[in-house]
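Line order of the protein sequences matches chains A and B. The first sequence begins at 1 in our numbering and counts up by one. The second sequence begins at 1001 in our numbering and counts up by one. Where is the CB? At the ideal position from N, CA and C, for every residue including glycine. So the structure is just underneath, and the comments pick up after that.
Number of protein chains: 2
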Amino acid sequence: MKLSNKTVERVCRVFGYLKVLEDKGIAFVSSLDLAKAIGATESTVRKDISILELTGFSRKGYDVMLLKKELGVKLQLNKKRKACIVGLGRLGTALLDYEKFQEDGFEIVAGFDASINKIERINTVIDVFAVDDLENVVAQRKIELGIIAVPAQAAQGIAYKLVKSGVKGVLNFSPVKLIVPKNVMYLDMDFTSALRSIAARMAVC
Amino acid sequence: MKLSNKTVERVCRVFGYLKVLEDKGIAFVSSLDLAKAIGATESTVRKDISILELTGFSRKGYDVMLLKKELGVKLQLNKKRKACIVGLGRLGTALLDYEKFQEDGFEIVAGFDASINKIERINTVIDVFAVDDLENVVAQRKIELGIIAVPAQAAQGIAYKLVKSGVKGVLNFSPVKLIVPKNVMYLDMDFTSALRSIAARMAVC
DNA sequence: TATATTTAGTGATTTTTTTCACTTAAAGCT
DNA sequence: AGCTTTAAGTGAAAAAAATCACTAAATATA
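Next comes the structure, spelled out in structure tokens:
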């Protein structure tokens, strides 16, 4: 079972949509419906699911609850994951209390910032620390995921500290590409770059 | 000159890195340096640049200022673009004042929210409006880009209004895939899905 | 029960994207 | 000037991803 990143991303989206369907009480869903919901084609969805060695039912589609459960098992999407946010600027603090993360099994168990003043002013239920404590806290609390929301010039240093302290996944909101070991999963979320590529496509298309 | 989205995304990243280099006063950069900075290989970078019909210099690399200028022209990255943010929750308000956008030629000229109370409480220099005014304001101010930061169930409706009012690009932070006309450029920034795929890859790899 | 219909499953094919490997140009060095 | 080195440019090859087109299974229908 060799999963490409693209397949992983798509089935994660499928998983999210299955949650919605489950809440609505819908029992079966076709590959076409899934495809529309995640912005793919039906054959791609079917192939993705078959790569994961999961199956549906002829003439009925996929059993929503079953597929969700099976995807959850295969990709461990039901496992609770401890995460932390580094950089408590506007974005960082917004993320601290982003309820969707918690709903989704991501437990934000710590926030870090370089400025002590800022830490004192932040109003949240989540424990916040000075960045100097990062390595200790991440190691002690066995935090698996780091969310980087610091300015560009600080990002690589934070990534390094996170990895050193045992983090196995990094979500990077800073606009620079970070270097992390190959066994650490890494994804960029660069707003500026995103807007820029939309604008570029507006210009070109 | 047929540009794939991937090429556009990469050259946008290159553009960002060129800005950094220019600020540092670096005159030339090699494809290898660019590649490292954006997380690609040197041959990919060279191909991307050549697809844009731009060139460098043998044994010297690319002229930082020149390439930045040329990319700016080709992709109209220097053009000021008016944008608005719809949904002024924590994320939306964080985005409202995200200085990086302004630096990058994106002018956030309006914010919208469904809740009148929230609008009154928001502390920003940017004009904020009720969502009912969206179509008028977007059309009047000739806003080209819409940034959607509303809850999932409201997102498609907002996308529709934005497009109807003349927006030509949409950046979507909600966790659902939106349907927009093909001539409208569209990009998803779904945090939950992103975290989920990192977690999934942690499980699988 | 036979037939039609719907939808998943999948090998083959096509398309897209990336990488390789070689050529060429320019600069530096002896 | 001639040789060496460095880095871009590029057609060809390889790899990856997506799509197609068909098969098979299950249900509904006549």
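Item                                                                                                                     : Value
Cβ pair count under 8 Å reaching 3, the segment 178–198 of chain A against the segment 110–122 of chain A                : no
The segment 1088–1098 of chain B in contact with the segment 1119–1132 of chain B per 3-pair CB rule at 8 Å              : yes
8 Å Cβ cutoff met for A/F129 and A/A159                                                                                  : no
Stretch pair the segment 1130–1147 of chain B + the segment 1164–1183 of chain B: three plus CB contacts closer than 8 Å : yes
Residues of the segment 1037–1048 of chain B with Cβ closer than 8 Å to any Cβ of chain A, in chain order                : A1037, I1038 and G1039
Three or more C-beta pairs below 8 Å linking the segment 6–17 of chain A and the segment 37–51 of chain A                : yes
Proximity test, Cβ basis, 8 Å: A/M202 and chain B                                                                        : yes
CB contact check: A/C12 to chain B, cutoff 8 Å                                                                           : yes
Cutoff 8 Å: B/M1189 Cβ touching any chain A Cβ                                                                           : yes
Cβ pair count under 8 Å reaching 3, the segment 1050–1068 of chain B against the segment 1019–1031 of chain B            : yes
Simplified DSSP assignment, three categories, for A/Y160                                                                 : helix
Segments assigned beta strand (DSSP E), at least 3 residues, entirely inside the segment 115–177 of chain A              : 128–130, 145–148 and 169–172
Collapsed DSSP secondary structure at A/Y98 in the structure displayed                                                   : coil
Check whether A/F15 and A/G61 have beta carbons under 8 Å apart                                                          : no
Span of the alpha helix (DSSP H) around B/I1051                                                                          : E1042 to I1051
Own chain residues within Cβ distance below 8 Å of A/G72, not counting five before or after                              : F15 and N78
N- and C-terminal bounds of the beta strand (DSSP E) containing A/L187                                                   : M185 to D188
Whole-Å CB distance - B/A1155 paired with B/L1178, under 8 Å assumed                                                     : 6 Å
Cross-chain neighbours of A/Q76 in chain B, by beta carbon under 9 Å                                                     : A1199, A1200, M1202, A1203 and V1204
Top-ranked residue by Cα proximity to B/I1108, from B/I1198, B/R1081, B/R1201 and B/G1089                                : B/R1081
Listed by chain order, chain B residues near A/G169 by CB distance under 7 Å                                             : I1198, A1199 and M1202
Where the alpha helix (DSSP H) containing B/C1012 begins and where it ends                                               : N1005 to K1024
Minimum Cβ-Cβ distance from A/F28 to chain B less than 8 Å                                                               : no
Distance, B/S1058 Cα to B/I1148 Cα                                                                                       : 44 Å
Chain B contact for A/G16 (CB, 8 Å cutoff)                                                                               : yes
B/S1174 versus B/T1055: straight-line alpha-carbon distance, rounded                                                     : 39 Å
Assumed close pair A/D104, B/T1192 - CB separation to whole angstroms, cut-off 8 Å                                       : 5 Å
Chain B contact for A/K69 (CB, 8 Å cutoff)                                                                               : no
Test item: CB-CB of B/T1044 and B/A1035 under 8 Å                                                                        : yes
C-beta contact flag for A/L134 and A/K100 at 8 Å                                                                         : no
Below-8 Å beta-carbon distance, B/T1192 vs any chain A residue                                                           : yes
Assigned secondary structure, B/G1092 (DSSP; H/G/I helix, E/B strand, else coil)                                         : helix
Proximity of B/G1087 and B/V1138 at Cβ, strictly below 8 Å                                                               : no
Backbone CA spacing between B/G1039 and B/D1132 [nearest angstrom]                                                       : 42 Å
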